[in-house]
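Written below as structure tokens is the structure these notes are about.
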């Protein structure tokens, strides 16, 4: 019997491979997003440090300006000291707020990424379950399809054999009729 099921089996195998590749691509995409998120979270500390250095440089520059002012303007010691104290208090307040803001941002971002990771894990668990059911149903459909193709092939071969038998019988009948005609003509 000719193997009619090979194309059907191949098509089902390709479909399952496509499903598995799609799932792998989705997982890789989410893993990439998680890595980017973690990189952002990891970079927050260096961003905070860089911004703090910028604030410290600004404070140092203002102090240098006040030092120059103090040296160049006679009698400016008291007002410059008051300005220096006021500026230092403002920078201290700025740095405290800066640290609080970054601590809050880092905590909220970390919580957000943790929630995202948890949700993603739950989503993949559900997706794995659904894909397992899909693949199982797909395999059942393949089995049914292969059985149907084999049955149709068997029926087609049976019909083909019957047609050949009828053709052979018809040819024999024609031969018999021709022989009888020849015998009747000879008689």
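In my numbering, the protein residues as written are 216 to 402.
Virtual Cβ for every residue (Gly too), placed ideally from N, Cα, C.
For residue 361, the three-state secondary structure derived from DSSP is helix. Straight-line spacing of the CA atoms in residue 285 and residue 301 works out to 16 Å. Setting aside the 5 residues that flank it on each side, residue 308 has no residue in the same chain whose C-beta is closer than 7 Å to its C-beta. Shortest Cα-Cα distance from residue 271 to any of 339, 345, 245 and 311 involves 311.
Of the residues 231, 226, 218 and 220, the one whose Cα lies closest to the Cα of residue 346 is 231.
The Cβ atoms of residue 263 and residue 306 do not sit closer than 7 Å to each other. The Cβ atoms of residue 360 and residue 223 lie closer than 7 Å to each other.
Boundaries cannot be given for residue 289, as no alpha helix (DSSP H) includes it and DSSP labels it neither H nor E. Three or more beta-carbon pairs drawn from the stretch 334–348 and the stretch 234–249 are found closer than 8 Å, and the two stretches are therefore classed as touching.
Between residue 234 and residue 381 the beta-carbon gap is near 47 Å, outside 8 Å, which marks them as no contact.
Shown here, residue 391 sits in a helix according to DSSP, grouped into three states. Ranked by Cα distance from residue 278, the options 296, 244, 268 and 393 are led by 296.
When C-alpha distances from residue 303 are compared across 329, 246, 273 and 253, the shortest belongs to 273. Residue state for residue 340 is assigned as helix, using DSSP reduced to three classes.
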